[in-house]
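See structure below.
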Amino acid sequence: MAVYLILYYSKTGNSKFIAEKLSAGLICNSKRITPIIDSVAVLFLLSLMKIGIPTNISKKEIEVYSEVVIVGPVWGGLLISPLRNTLKKCIRASKNIHFAVTCETKDEEKNNKYGYAKVLREAKGLGDKFVRTTEAFSTSLVNPENKVWSPKLSEKIKITERNFNSELKSRLRDFAIKIKSFEKQ
Ligand SMILES: Cc1cc2nc3c(=O)[nH]c(=O)nc-3n(C[C@H](O)[C@H](O)[C@H](O)COP(=O)(O)O)c2cc1C
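In the numbering used here, the protein residues as written are -18 to 166.
Have a look at this one:
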C-alpha cells in the first residue's frame, strides 16, 4: 500500500485547504513548504527565471514515503519557484508525484496566458515519468459571479468550509481516486 506525503505551498490558504482535505481523504501527513525567502515579489521573479528556491523540505524526508502529492498556487501563469524546487527534489528521489494547483482562472480559460494548463504541462515535462497525475482547483468553482478580480492578496477569493461546494468536493474526490487508482496499476 502506498504511503503518501502531501507537500503544499500556500500564501492565502487555498492550497492549504485543498492539501488538508486531500490528506483527510488519503489518510496521510501534509507539510507546508516554506521557502528560505517568502516574499511574493522575490518568488515571482525566481518563478519567471525558472529558478527553484531552496525550502524546508529535504530529499531525505521525502524518501520515507512512496508517493508525494504537491499542491500550490499559479502565479502569473507560472510554475512557482517553491513548487519547482519541491518537484525536482521528488524527481531526484524517484518518487511517484501527483501535482495539483489552485488558481482563479476557469477551466474554459486554462489555455490562456494566466491559465493553469501550461503550469501542469511544465510540471509533467520536468518530471516526465514521475509525474503521474495532475489537477487544478479553481476558485472560480466557489466564486460568486459578481466578485471582481483584484490583485490584492487580501481580496483574493478564499476556499473555505462555507463555500466548499459539491463541484469542488467532487473534483477533489476524483483526484483522490485518480491518485489511489494509480497505486493499483
Ligand atoms: C501574485 C499572484 C498571482 C496570481 N496569478 C494567477 C494566475 O496567473 N492565474 C490564476 O489562475 N490565478 C492566479 N492567482 C490566483 C491564485 O492562484 C489563487 O488565488 C490561488 O488559489 C492562491 O493559492 P493560495 O491561497 O494557496 O496561496 C494569483 C495570485 C497571486 C497572489
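All residues carry an ideal CB built from backbone N, CA and C; glycine is no exception. All values reported here derive from a predicted model rather than from experimental measurement.
- Rounded to whole angstroms, the gap between the alpha carbons of A74 and I43 is 7 angstroms.
- Nearest in C-alpha terms to F163, of all of V49, F118 and L134, is V49.
- Listed by position along the chain, the residues with Cβ atoms less than 5 angstroms from a non-hydrogen atom of ligand 1 are S(-9), K(-8), T(-7), G(-6), N(-5), S(-4), P54, V55, W56, G57, G58, T83, C84, E85, T86, Y95 and K137.
- Measuring C-alpha to C-alpha distances from Y(-15) to each of G57, I(-1) and C9 identifies C9 as the nearest.
- Distance from the CA atom of I138 to the CA atom of I14, rounded to whole angstroms, is 21 angstroms.
- Judged by DSSP secondary structure, S4 falls within the alpha helix (DSSP H) whose first and last residues are N(-5) to L7.
- Counting along the chain, V82 sits inside the beta strand (DSSP E) bounded by residues N77 to C84.
- Shown here for P16: same chain residues with a beta carbon closer than 6 angstroms to its own, the five before and five after excluded, namely I34, T36 and P63 in chain order.
- Annotation note: the stretch 7 to 73 contains the following uninterrupted beta strand (DSSP E) runs of length 3 or greater, listed N- to C-terminal: 10 to 13 and 48 to 54.
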